[in-house]
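The next block holds one structure in the form of structure tokens; read it before the comments.
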Amino acid sequence: MVTTMASTTESIVVGMGELKVSRVSGGVLVCVGIGSCIAICAYDPLTRVGGMAHVVLPRCEGKDGKNPAKYGNLAVPLLIEEMIKLGGAKSRLVVKLAGGAQMTLASGVKNVFNTGERNLAEVIAALDKEGIPITATETGGNKGRTVRLFLDTGKVLVTSVGQEPKEI
Amino acid sequence: MPDGIALNTLNLKGPIAAEVFGGGISNAMTGLSQMVGRDIKITQLSFKRVMVKDIPNLFGGPENLIIGVYLSITGYANGHMVVIYDPQTAFDLIDLLLSQPQGTTRELSDMEQSVLGEVGNIMGSFFLNHIANTTGLSFQPSPPAVMMDMAGAILDSALGSVLEIDDYTYIVETTFGSPDRQVTGAFLIVPAPEMEFV
Chain A
0 MVTTMASTTE
10 SIVVGMGELK
20 VSRVSGGVLV
30 CVGIGSCIAI
40 CAYDPLTRVG
50 GMAHVVLPRC
60 EGKDGKNPAK
70 YGNLAVPLLI
80 EEMIKLGGAK
90 SRLVVKLAGG
100 AQMTLASGVK
110 NVFNTGERNL
120 AEVIAALDKE
130 GIPITATETG
140 GNKGRTVRLF
150 LDTGKVLVTS
160 VGQEPKEI
Chain B
0 MPDGIALNTL
10 NLKGPIAAEV
20 FGGGISNAMT
30 GLSQMVGRDI
40 KITQLSFKRV
50 MVKDIPNLFG
60 GPENLIIGVY
70 LSITGYANGH
80 MVVIYDPQTA
90 FDLIDLLLSQ
100 PQGTTRELSD
110 MEQSVLGEVG
120 NIMGSFFLNH
130 IANTTGLSFQ
140 PSPPAVMMDM
150 AGAILDSALG
160 SVLEIDDYTY
170 IVETTFGSPD
180 RQVTGAFLIV
190 PAPEMEFV
């Protein structure tokens with residue numbers, strides 16, 4: 000189903016620490032191969048504006064003028080702002096989250112790599128602060144994911160190695 | 000110890016850094032050669048500054064299935080070390096090390112993880128020993144973590160700590176192989192971004 004659509008869709012890749020919004024007909028926003036990162040997928044079903052943030056780190060205290068999109072606490076308000084610019088409305092946003100895996104890393108470095116959980120907690124807190132409910136999640140575990148947001152439908156498809164793709 | 004190394008100010012001149020890291024990687028290849036009983040050589044080595052988000056692209060793209068052996072480096076300076084294999088190549092390497100017929104290993108369970116972890120240990124220790132001998136500073140590797148997954152997923156938690164400091168970083172990217180091409184892989188070193196190379 001997805002593969003047959005591939006020829007007519009336009010993939011917009013959202014790299015580590017990036018945030019992209021689009022309302023291209025047939026477009027797909029995609030975070031490829033995320034582990035502890037979070038893909039925040041937001042969609043306005045009326046205007047079909049979609050946005051995706053690829054959050055790498057939980058939070059930034061103070062200001063990081065260079066790239067706020069990489070932090071959970073800063074990416075959320077930025078994503079909302081960018082979507083409104085493109086015709087989205089905050090009250091209509093449907094938000095789905097994927098990622099935040101705990102990659103199996105060495106025992107001695109566990110502390111550093113609790114990032115999956117911490118990223119997720121910060122994103123949830125930031126959404127809560129904005130009063131935006133989370134419609135669906137596909138988070139945790141210890142497998143990498145590729146996350147696609149289809150701009151025509153608002154569907155989010157999550158794929159992992161050795162597992163069936165899952166729609167959320 | 001070559002003149003001009005000023006690691007104590009966390010400041011390595013670019014060409015000297017390349018020389019020190021290159022020597023460390025040669026030494027890691029010596030360790031690997033001894034372990035597998037084959038002459039393993041560096042096929043490509045580069046020391047460069049890249050955008051952190053582009054690093055997974057060096058290994059076939061973020062969705063490419065790889066086996067990664069990760070060690071964190073702590074000590075005088077911190078960093079990350081990852082040995083990256085194509086899964087089939089890693090399975091063949093495991094068969095070679097366990098003296099099994101080629102094709103025996105088909106998945107990554109505890110035994111296989113342990114074998115690849117040991118290879119990572121050897122490469123990491125040989126690499127760090129050389130750096131320590133050259134600079135007189137001490138570094139320790141963490142226990143290895145062995146993962147088979149998408150390249151982006153394996154690298155993102157390690158790269159997150161780099162991205163916290165800067166969107167760009169220096170990396171040492173190496174590919175290696177034996178003449179019969181039976182053992183091939185890549186070796187990535189990401190020094191902590193607070194280190195400066197001028």
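So the protein lines, in turn, are chains A and B. One point on numbering: in numbering that gives the first Met the number 0, the residue at position 19 of the first sequence is 18, and numbering is uninterrupted. One point on numbering: in numbering that gives the first Met the number 0, the residue at position 74 of the second sequence is 73, and numbering is uninterrupted. Positions of the beta carbon are idealized from the N, C-alpha and C atoms, including for glycine.
Q: Can you have a look at residue 86 of chain A and say buried or exposed, based on whether 16 or more other CB atoms are within 10 angstroms of its CB?
A: Locating residue 86 of chain A in the first sequence gives position 87, where the first residue counts as 1. So residue 86 of chain A counts as exposed.
Quiz prompt | Minimum C-alpha distance to residue 102 of chain B - residue among B/88, B/132 and B/112 | solution = Here residue 102 of chain B corresponds to residue number 103 of the second sequence, with the count starting at 1. The candidate whose alpha carbon is nearest that of residue 102 of chain B is B/88.
So, do the stretch 114 to 123 of chain A and the stretch 142 to 158 of chain A have three or more beta carbon pairs nearer to each other than 8 Å? no
Residue 19 of chain A burial status per 10 Å Cβ neighbour count (16 or more: buried):
Sequence index remark: in the first sequence, residue 19 of chain A carries index 20 (1-based). Residue 19 of chain A is buried by the Cβ-count criterion.
### Query
Alpha carbon to alpha carbon, what distance is there between residue 165 of chain B and residue 189 of chain B?
Taking the second sequence and counting its residues from 1, one reaches residue 189 of chain B at position 190. Taking the second sequence and counting its residues from 1, one reaches residue 165 of chain B at position 166. For residue 189 of chain B and residue 165 of chain B, the distance between alpha carbons rounds to 12 Å.
Checklist line | Three-state class that DSSP yields for residue 159 of chain A in the structure shown | finding: Translated into the one-based positions of the first sequence, residue 159 of chain A becomes position 160. Note: residue 159 of chain A maps to coil in three-state DSSP.
**Asked** For the stretch 57 to 89 of chain A, which residues have a beta carbon sitting closer than 7 Å to at least one beta carbon of chain B?
**Response** 65, 66 and 69
Note to self: Suppose you measure from the CA of residue 69 of chain B to the CA of residue 46 of chain A; what does that come to, to the nearest Å?
What the structure shows: The residue given as residue 69 of chain B occupies position 70 in the second sequence. The residue given as residue 46 of chain A occupies position 47 in the first sequence. For residue 69 of chain B and residue 46 of chain A, the distance between alpha carbons rounds to 44 Å.
Item to complete: Have a look at residue 140 of chain B and residue 72 of chain B and give me their C-alpha separation to the nearest angstrom.
Response: For the purposes of this step, residue 140 of chain B is taken as the residue at position 141 of the second sequence. For the purposes of this step, residue 72 of chain B is taken as the residue at position 73 of the second sequence. Rounded to whole angstroms, residue 140 of chain B to residue 72 of chain B spans 5 Å at the Cα level.
### Query
Which whole runs of the beta strand (DSSP E) in the stretch 65 to 113 of chain B are 3 residues long or more, in chain order?
78 to 84
Under a CB-based cut-off of 8 Å, is residue 156 of chain B close to chain A? Within the second sequence, the letter at position 157 stands for residue 156 of chain B. It does; some Cβ of chain A falls within 8 Å.
Just verifying my parser: in three-state terms, what is the DSSP assignment at residue 153 of chain B? What you label residue 153 of chain B is simply residue 154 of the second sequence in a count that begins at 1. In the structure shown, residue 153 of chain B sits in a helix (DSSP, three-state: H, G or I).
For residue 176 of chain A, which of helix, strand or coil comes out of DSSP? Here chain A has residues from 0 to 167 only, and residue 176 of chain A is not among them.
- Query: Hey, quick one: how far does the alpha helix (DSSP H) through residue 123 of chain A stretch, first residue to last?
  - Reply: As a first step, residue 123 of chain A is located in the first sequence; it is residue number 124 there, counting from the start. Counting along the chain, the alpha helix (DSSP H) containing residue 123 of chain A begins and ends at 114 to 129.
Contact under 8 Å by Cβ, residue 61 of chain B with residue 31 of chain A:
Your numbering for residue 61 of chain B matches position 62 in the second sequence. Your numbering for residue 31 of chain A matches position 32 in the first sequence. Yes, these two residues count as a Cβ contact at 8 Å.
ask   = How would you write the range of the beta strand (DSSP E) that residue 56 of chain A sits in, first residue to last?
value = Within the first sequence, the letter at position 57 stands for residue 56 of chain A. Element bounds for residue 56 of chain A: n/a, residue is neither H nor E.
Proximal residues of chain B, C-beta to C-beta of residue 102 of chain A below 7 Å: Locating residue 102 of chain A in the first sequence gives position 103, where the first residue counts as 1. 146, 152, 153 and 156, listed in chain order.
message = Less than 8 Å between the beta carbons of residue 17 of chain B and residue 186 of chain B, yes or no?
response = As a working mapping, residue 17 of chain B is identified with position 18 in the second sequence. As a working mapping, residue 186 of chain B is identified with position 187 in the second sequence. No, the pair does not count as a contact, with Cβ atoms beyond the cut-off.
* Asked: Is the Cβ of residue 163 of chain B closer than 8 Å to any Cβ of chain A?
  -> The residue labelled residue 163 of chain B in the question sits at position 164 within the second sequence. For residue 163 of chain B, the answer is yes, since a Cβ of chain A falls inside 8 Å of its Cβ.
Show which residues of chain A have a CB atom less than 9 Å away from the CB atom of residue 78 of chain B.
-> The residue you call residue 78 of chain B lines up with position 79 of the second sequence. Under the 9 Å cutoff, chain A gives no residues; its nearest Cβ is about 12 Å from residue 78 of chain B.
Item to complete: Report the neighbours of residue 123 of chain A on chain E: residues whose CB is nearer than 8 Å to its CB, in chain order.
Response: Among the protein chains of the structure shown, namely A and B, there is no chain E.
Q | Coarse secondary structure for residue 33 of chain B, derived from DSSP in three states | A | Locating residue 33 of chain B in the second sequence gives position 34, counting from the first residue. In the structure shown, residue 33 of chain B sits in a helix (DSSP, three-state: H, G or I).
Exercise for review: Using DSSP bridges, identify the partner residues of residue 54 of chain B.
Suggested key: Residue numbering aside, residue 54 of chain B sits at position 55 when the second sequence is read from its first letter. Paired residue(s): none; residue 54 of chain B is not in a bridge.
| How would you list, in chain order, the residues of chain B whose beta-carbon sits under 9 Å from the beta-carbon of residue 36 of chain A? | Indexing the first sequence from 1 puts residue 36 of chain A at position 37. Per Cβ cutoff of 9 Å: 151, 152, 155, 156 and 159.
Item checked: residue 22 of chain A to residue 51 of chain A span [Cα, whole Å] -> Looking up residue 22 of chain A in the first sequence gives position 23. Looking up residue 51 of chain A in the first sequence gives position 52. Straight-line Cα distance between these residues: approximately 12 Å.
Can you tell me whether residue 19 of chain A is helix, strand or coil according to DSSP? Position 20 of the first sequence, counted from the start, is the residue given in the question as residue 19 of chain A. Here residue 19 of chain A sits in strand by DSSP.
Inset, instruction - Could you please give me the residues that DSSP links to residue 146 of chain B through a beta bridge? - result: Locating residue 146 of chain B in the second sequence gives position 147, counting from the first residue. B/67, per the DSSP bridge assignment.
The beta strand (DSSP E) spanning residue 41 of chain A covers which residue range? Position 42 of the first sequence, counted from the first residue, corresponds to residue 41 of chain A. Taken as a continuous stretch (DSSP letters only), the beta strand (DSSP E) holding residue 41 of chain A covers 37 to 43.
inquiry  = Please list, in chain order, the chain B residues whose beta carbon lies closer than 8 Å to that of residue 142 of chain A.
reply    = What you label residue 142 of chain A is simply residue 143 of the first sequence in a count that begins at 1. By Cβ distance, chain B contributes 148 and 152.
Q | Residue-level contact to chain B via CB, residue 157 of chain A, 8 Å cutoff | A | Locating residue 157 of chain A in the first sequence gives position 158, where the first residue counts as 1. Residue 157 of chain A does not count as touching chain B.
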